[in-house]
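Beneath this line is the structure, given in structure tokens, with notes to follow.
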Amino acid sequence: MSGESKSLNFIEHIIEEDLANGLSKDKLRFRFPPEPNGYLHIGHTKAIGISFGLGEKYKAPVNLRFDDTNPAKEEQEYVDAIKRDIEWLGYKWENELYSSDYFQKLYDWAVQMIKDGRAYVDSQSSEAMAEQKGTPTQVGTNSPYRNRSVEENLDLFQRMKAGEFEAGKHILRAKIDMEDPNMLMRDPIMYRILYAHHHRTGDDWCIYPMYDWTHGESDYIEQISHSLCSLEFKPHRKLYNWFREHVYEYSKEILPLPPKQREFARLNLSYTIMSKRKLLRLVEKGIVTGWDDPRMPTISGLRRRGYTPNSIRKFIEKVGVAKRENVIDVSLLEFCIREDLNKTTNRVMAVLNPVKVIITNYPDDKEEWLEAENNQEDASAGYRKVPFSKEIYIEKEDFKEEAGNKFFRLKLGGEVRLKNAYIIKANSVIKGDNGEVKEIHCSYDTDTSKKVKGTLHWVSVKHAITAEIRVYDRLFSDEAPDSHPDKDFMEFINPNSLKVSTAYLEPSLADAKIGECFQFQRLGYFNIDDDSTPNQLVFNKTVGLRDSWAKQKPKPQNNQNQSKPQQQKRPAISVIKQLGKKYTNLSEEKQLKVKNEIQELAKGVAYDELEPLFGTAVKKAGTRIAVMITLKEMLKSGLEQNNTITEFINKALEDKNELLVNEAKTI
RNA sequence: UGGCCCAUGGUGUAACUGGCUAACACAUCGGUUUUUGGUACCGAAGAGUCUAGGUUCGAAACCUAGUGGGCCAACCA
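FYI, the numbering for the first sequence is 1227 to 1893, going by my numbering.
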């Protein structure tokens, strides 16, 4: 028992149950088994968070095991990147291991399996074998080589290993059941011949074990208690268990714990993709600058973008663990990073889209260094000085010649506070030929105790330093870009996912270092990109601040929140059902309103849709009332009354709910 | 046409394993505070738990059927 009151997810329930049934707590052991064929992405952090999180929770070891059985795809670069990312997230593995460490052991067991008649060498083409395999709805047929003698199998397998055959000539298969409804049980391949250089074993082997044979047995060798993976491996469980059962027979004295595999739903994030193969395409096609492009959902991309390990771990915790398909809204990720950065980053002032303000009553060459608080969320962050002078920049967006009183910013004749400085009043503007405001002439007031609605950030023109700012938008314009069977995800690429501009910053930023994070006051969180140099600062926008003002505005051309379509398209009948649910709880006045609504919706309902609802459970009076109202409307507009309808009405007349009876009566 | 898995507010997870008004977080909408239209705080709206039967004093949970979604036919993992 772990004693907390926090609710457990289904995997924790399983573990608690195993513990309660006698599994000793010190036998708990987990693993994270990436294939080193690409970079880790936010989806992997869920798997990482689950297994490493369990390790932390139960103080159990967690192995990092590279599942490196396919030398054709795997590279050392990926091994290094994966280790870097996991470390960065703050997790510690017990052992760094490789499936390739077990090649000899696996081979010995395979020989044993052959001797026991549980595996055989097949010598057909892959096409022929695919044909014999059948389909999900059709059983397979046995290979003509299925009944080779043990001696022949042994001889062939040894010669496969010795490199006597060309690739594809022979394979080793488990002898299970070609008629099993689970395709994975139809004599699955255990070994194939592959003349490829392996990043660890070099050219020692020319036969390589397949995933199913390798993965489960690696778990077993490492004495993993719970082998956790994503849902698509559910069908593999039967095979996992089959292999395990036999190998257990060979080694139970030395390896007493048979591991168990359990599956959870993987993480999907809206407006992005999670497939390594597809991410690789983005890299190769030059859509992004690399695996660590700040727009990528990779861990290295998020890191470069300014996400913190803390925020990602928090995110994974909030997302939860279950077995149903899910799509997590990016807003949750954004919430997590804001929450973290709000507490930790220093506030600074930067103007991204400047317009000049001249303070006419401020002496020409005067300058003052005013005190500014670094972080009001963290008293220990201290203060810094920011320079003030006659000419400053503010954001173009923060000024309007005229505006209503919901606009808290600067307007002609209006006053506004300059953060950490004075209160200014706009008196006049100077415009360029095209009518654009070039300068705003203001007067300042040293009485800062006044109450004014708005506070603006600003930067002194002559003290300002410049920097390149990279602002990112989502990479795809579609909520689930790779879920369209008829369209390629590349069609949804957002051409405006990167905007580069030059900004003016307060001079304290001059010696900021790569990776450092700031809040640009009123704008968002920004960090210094890897491309930054002392001569040319480069900032990434990690995420904007929440902006309740932007939401009220008519809406710029931002593609941020396209209206959610699902509300529009809902069929009338389902809206009616929903309205009905609440009907009996409403005030009389509201009931009338809802009734009108239902009557209106009734026009869009077909009788076929309505009839099934006649059977609605008696206790759901509201739904039945809504159905009755709809029915009445449809009868009015010419629907012919049949027996089913009459029956429904009669049943309603006898109901104990008065509202329903009344509706029925008026038909 | 077979097998397996899944179904709870817009989204994601809970519900002490059959027992209070179905909880929490994000998102949404109000309000208070505020030298960030941020943060913090307070509040509101939103779910008869896919549908229909059944078991039971009692079902989101158990059973049956249906509907919808996902996965499975790589010498990938």
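Note that CB positions come from ideal geometry on N, CA and C, so glycine has one too. Source: prediction; values computed, not measured.
Quiz item: Relative to the C-alpha of Trp1431, which residue among Tyr1437, Asp1438, Ile1419, Trp1439 is closest?
Solution: Along the first sequence, one-based indexing puts residue 1431 at 205. Looking from the CA of Trp1431, the closest CA among Tyr1437, Asp1438, Ile1419, Trp1439 belongs to Ile1419.
Exercise. Pick helix, strand or coil for Tyr1317, following the three-state DSSP scheme.
Key: On the first sequence, position 91 is the one that residue 1317 refers to. Three-state result, Tyr1317: coil.
Practice problem: Tell me whether Glu1560 counts as near the ligand SAH, meaning its Cβ is closer than 8 Å to at least one heavy atom of that ligand. | Solution: With respect to small molecules bound, the structure shown includes none, and the ligand SAH cannot be examined in it.
Quiz item: Going by alpha carbons, who is nearest to Asn1379 out of Met1409, Tyr1417, Thr1367, Asp1604?
Solution: Locating residue 1379 in the first sequence gives position 153, counting from the first residue. Comparing Cα positions, the closest option is Tyr1417.
Exercise. Would you give the residue range spanned by the alpha helix (DSSP H) that Ala1356 belongs to?
Key: In the first sequence, residue 1356 corresponds to position 130, counting from 1. From DSSP, the alpha helix (DSSP H) with Ala1356 extends over 1352-1359.
Quiz item: Can you tell me where the beta strand (DSSP E) with Tyr1346 in it begins and where it stops?
Solution: Taking the first sequence and counting its residues from 1, the one referred to as residue 1346 is at position 120. Unbroken beta strand (DSSP E) run through Tyr1346: 1345-1348.
Exercise. Would you list the one or two residues that DSSP bridges to Ser1453?
Key: The residue you call residue 1453 lines up with position 227 of the first sequence. Per DSSP, Gln1487.
Quiz prompt | Gln1778 classed as buried or exposed, judged by whether at least 16 other C-beta atoms fall within 10 angstroms | solution = For the purposes of this step, residue 1778 is identified with residue 552 of the first sequence, where counting begins at 1. Answer is exposed; the Cβ neighbour count stays below 16.
Exercise. Scan the stretch 1576-1657 and note each continuous beta strand (DSSP E) run of 3 residues or more that stays entirely inside, going in chain order.
Key: Segments of the beta strand (DSSP E) lying fully in the stretch 1576-1657: 1580-1585, 1594-1599, 1609-1614, 1617-1621, 1641-1644, 1649-1657.
Quiz item: Just to confirm, are Gln1350 and Ser1369 a CB contact at a threshold of 9 Å?
Solution: Counting from 1 along the first sequence, the entry for residue 1350 is found at position 124. Counting from 1 along the first sequence, the entry for residue 1369 is found at position 143. Contact: yes.
Self-check item: Burial state of His1396 (16 or more Cβ within 10 Å)
Solution: As a position in the first sequence, residue 1396 is number 170, starting the count at 1. Buried is the call here.
Quiz item: Is the stretch 1596-1608 in contact with the stretch 1562-1572, if contact means three or more CB pairs nearer than 8 Å?
Solution: At 8 Å Cβ cutoff, the stretches touch.
Exercise. Assuming Tyr1751 contacts Gly1532 (C-beta within less than 8 Å), just tell me the rounded distance between them.
Key: By 1-based counting over the first sequence, the position of residue 1751 is 525. By 1-based counting over the first sequence, the position of residue 1532 is 306. That belief holds up - the Cβ atoms of Tyr1751 and Gly1532 are roughly 6 Å apart, short of 8 Å.
Exercise. Go through the stretch 1854-1878 residue by residue and report every complete run of the beta strand (DSSP E) that reaches 3 residues or more, in order.
Key: Listed in chain order, nothing qualifies, since the stretch 1854-1878 has no complete beta strand (DSSP E) run of 3 or more residues.
Quiz prompt | Option nearest Pro1362 by Cα separation, candidates Glu1405, Gln1338, Arg1643 | solution = Position 136 of the first sequence, counting from 1, holds the residue named residue 1362. Out of Glu1405, Gln1338, Arg1643, Glu1405 has the C-alpha closest to the C-alpha of Pro1362.
Quiz item: Should Val1726 go down as buried or exposed, given a rule of 16 or more other Cβ atoms within 10 Å for buried?
Solution: Taking the first residue of the first sequence as position 1, residue 1726 is located at position 500. Val1726 is exposed by the Cβ-count criterion.
Self-check item: Cα-Cα separation between Thr1692 and Val1305, rounded to whole angstroms
Solution: In the first sequence, residue 1692 corresponds to position 466, counting from 1. In the first sequence, residue 1305 corresponds to position 79, counting from 1. The straight-line gap from Cα to Cα measures roughly 38 Å.
Quiz prompt | Exposed unless 16 or more other CB atoms sit within 10 angstroms - verdict on Gln1487 | solution = As a first step, residue 1487 must be located in the first sequence, where it is residue number 261. That one is buried.
Exercise. Would you mind giving the Cβ-Cβ distance between Tyr1619 and Ala1690, rounded to the nearest angstrom? I have them listed as a contact below 8 Å.
Key: The residue you call residue 1619 lines up with position 393 of the first sequence. The residue you call residue 1690 lines up with position 464 of the first sequence. That belief holds up - the Cβ atoms of Tyr1619 and Ala1690 are roughly 7 Å apart, short of 8 Å.
Quiz item: Would the beta-carbon of Phe1746 fall within 9 Å of that of Val1574?
Solution: Translated into positions along the first sequence, residue 1746 becomes position 520. Translated into positions along the first sequence, residue 1574 becomes position 348. Contact: yes.
Exercise. Using the Cα positions of Ser1537 and Ile1563, report the straight-line distance between them to the nearest angstrom.
Key: Within the first sequence, the letter at position 311 stands for residue 1537. Within the first sequence, the letter at position 337 stands for residue 1563. One C-alpha to the other measures close to 5 Å.
Exercise. Specify whether the stretch 1473-1480 and the stretch 1269-1288 touch according to this definition: at least 3 beta carbon pairs, one from each stretch, less than 8 Å apart.
Key: no
Exercise. Decide if Glu1448 is buried, meaning its Cβ has at least 16 other Cβ atoms within 10 Å, or exposed.
Key: Here residue 1448 refers to the residue found at position 222 when the first sequence is read from its first residue. Per the 10 Å Cβ criterion, buried.
Quiz item: Can you tell which of Ser1352, Gly1343, Pro1407 has its C-alpha closest to the C-alpha of Glu1377?
Solution: For the purposes of this step, residue 1377 is taken as the residue at position 151 of the first sequence. If we check each option's Cα against that of Glu1377, Gly1343 comes out closest.
Quiz item: Of the choices His1710, Leu1644, Phe1625, whose alpha-carbon is the least far from that of Phe1614?
Solution: Walking along the first sequence from the start, residue 1614 turns up at place 388. For Phe1614, the nearest C-alpha among the options comes from Leu1644.
Exercise. Pull up the distance between the alpha-carbon of Ile1719 and that of Asp1712, whole angstroms please.
Key: The residue labelled residue 1719 in the question sits at position 493 within the first sequence. The residue labelled residue 1712 in the question sits at position 486 within the first sequence. Those two C-alpha atoms are separated by around 16 Å.
Practice problem: To the nearest angstrom, report how far apart Asp1348 and Leu1323 are at their CA atoms. | Solution: Taking the first residue of the first sequence as position 1, residue 1348 is located at position 122. Taking the first residue of the first sequence as position 1, residue 1323 is located at position 97. Whole-angstrom Cα-Cα distance: 31 Å.
Quiz item: Assuming Lys1359 and Met1409 make a contact with CB atoms under 8 Å, what is their CB distance in whole Å?
Solution: Working through the first sequence from its first residue, we reach residue 1359 at position 133. Working through the first sequence from its first residue, we reach residue 1409 at position 183. Cβ-Cβ separation between Lys1359 and Met1409: approximately 7 Å, consistent with a contact (criterion under 8 Å).
Exercise. Check the DSSP bridge columns for Pro1435 and list the partner residues they point to.
Key: One-based indexing of the first sequence puts residue 1435 at position 209. Answer is Tyr1417.
Practice problem: Please name the residue or residues paired with Cys1193 in a DSSP beta bridge. | Solution: Because the chain spans 1227 through 1893 in this model, residue 1193 falls outside it and cannot be assessed.
Self-check item: Endpoints, alpha helix (DSSP H) assigned at Glu1479
Solution: Within the first sequence, the letter at position 253 stands for residue 1479. That residue, Glu1479, is in no alpha helix (DSSP H); it is neither H nor E in DSSP.
Self-check item: Whole-Å CB distance - Val1655 paired with Glu1665, under 8 Å assumed
Solution: Counting from one through the first sequence, the residue named residue 1655 turns up at place 429. Counting from one through the first sequence, the residue named residue 1665 turns up at place 439. Confirmed, Cβ separation roughly 7 Å.
Quiz prompt | Per DSSP, the bridge partner or partners of Cys1743 | solution = As a working mapping, residue 1743 is identified with position 517 in the first sequence. DSSP lists Asn1753 as partners of Cys1743.
Quiz item: Nearest to Leu1493 by alpha carbon, out of Thr1856, Asn1822, Lys1272?
Solution: As a working mapping, residue 1493 is identified with position 267 in the first sequence. Taking Leu1493 as reference, the option from Thr1856, Asn1822, Lys1272 with the minimal CA-CA separation is Lys1272.
Quiz item: Alpha carbon to alpha carbon, how far is His1462 from Asp1413?
Solution: Residue 1462 sits at position 236 when you count from the first residue of the first sequence. Residue 1413 sits at position 187 when you count from the first residue of the first sequence. Between His1462 and Asp1413, the alpha-carbon positions lie close to 13 Å from each other.
Exercise. Please state if the CB of Leu1508 and the CB of Glu1266 are separated by a distance shorter than 9 Å.
Key: Numbered from 1 along the first sequence, position 40 holds the residue referred to as residue 1266. Numbered from 1 along the first sequence, position 282 holds the residue referred to as residue 1508. Correcting the residue identity first, residue 1266 is Leu in this sequence and not Glu. No, these two residues do not count as a Cβ contact at 9 Å.
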